[in-house]
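Heads up: the structure comes next, in structure tokens.
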Amino acid sequence: MTLTLYTNPMSRGRIARWMLEEVEAEYETVILDYETTMKAEPYLSINPMAKVPAIVHNHKTVTECAAICAYLAEAFPDADLAPRDEERADYYRWLFFAAGPVEAATGNRALGVVPDAAQQRMIGYGSFERVIDVLEHAVAAHPYIAGARFTAADVYVGSQVIWGMQFGWLPKRDAFVTYAARLTNRAPYLRAAALDDATMATAA
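Numbering (our numbering), first residue to last: 769 to 972.
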């Protein structure tokens, strides 16, 4: 079995790294530079979008952070991070909500794009304010996004909440702060952050 993470420590690759630490997989890390190796072969053959992260597991490529989280949960079942029957609906609902409406709404907000009323009917997320209200309700409903226990969906949803507050894309509402604190105290999260931070320090 081979497993390689292609990443940059100042990217969404931190999400994939966190998930890899959660499943306790053995993996190789390849650090890519935004202006050079990320935009050239051999990486373009792995991800033609020239973005990170990507993982290659037993010669199969997975890109997109939400997909990587879901894939690794299934590929490493002993970690018990895939949804159980009673968690499945919330697991997939909020995983894809974070990858779709939350990602789009916060990205537009960061770019200063504010859809008018007519445009809100055209785009999938409607308004930023509604997305944030719905996300707040979702993270407040249970200790974790799919219920009482931590799952792979929390890696992705949690990353959106943690980074959103860090970079000012999300308001620091009590539900977000409480949820983020619950996640950032996890040992795999701390290991992943330390690995990426050390890589950043070396590169600097």
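Virtual Cβ for every residue (Gly too), placed ideally from N, Cα, C.
Every value quoted in this text rests on a predicted model; they were computed, and no experiment measured them.
Requested in this report: Taking H825 as part of the beta strand (DSSP E), name the residues at either end of that continuous run.
Outcome: A822 to H825
**Report entry** L863 to T804 span [Cα, whole Å]
**Finding:** 32 Å
Query - Which of helix, strand or coil DSSP assigns to L958 - result: helix
Query raised in the report: At which residues does the alpha helix (DSSP H) containing V929 begin and terminate?
Result: A920 to F935
Query - Host alpha helix (DSSP H) of E794 (start-end) - result: Segment: none, E794 is in no alpha helix (DSSP H) and carries neither H nor E.
Query raised in the report: What residues in its chain sit with their C-beta under 7 Å from that of A908, if we drop five residues either side in the sequence?
Result: A943
**Report entry** Nearest neighbour of E796, chosen from F896, E832, Q887 and M769 [CA to CA]
**Finding:** M769
Query raised in the report: Is the beta carbon of R920 less than 7 Å from the beta carbon of C833?
Result: Note that residue 920 is Ala in the sequence shown here, rather than Arg. Not in contact: A920 and C833 (Cβ atoms no closer than 7 Å).
Query raised in the report: On the three-state DSSP scale, how would you describe Y802?
Result: coil
Query raised in the report: Quick one: does the C-beta of L771 sit closer than 6 Å to a heavy atom of the ligand COA?
Result: For the structure depicted, the ligand COA is absent and the ligand set is empty, with no information on it obtainable.
Report task. Inspect the beta-carbon positions of V820 and L800 and report whether they are closer than 7 Å. Result -> yes
Query raised in the report: Helix, strand or coil: how does DSSP classify G880 here?
Result: coil
Query raised in the report: Can the beta-carbon of S895 be found less than 7 Å from the beta-carbon of Q887?
Result: no
Query raised in the report: Does the segment 806 to 813 touch the segment 935 to 950, meaning 3 or more C-beta pairs lie closer than 8 Å?
Result: no
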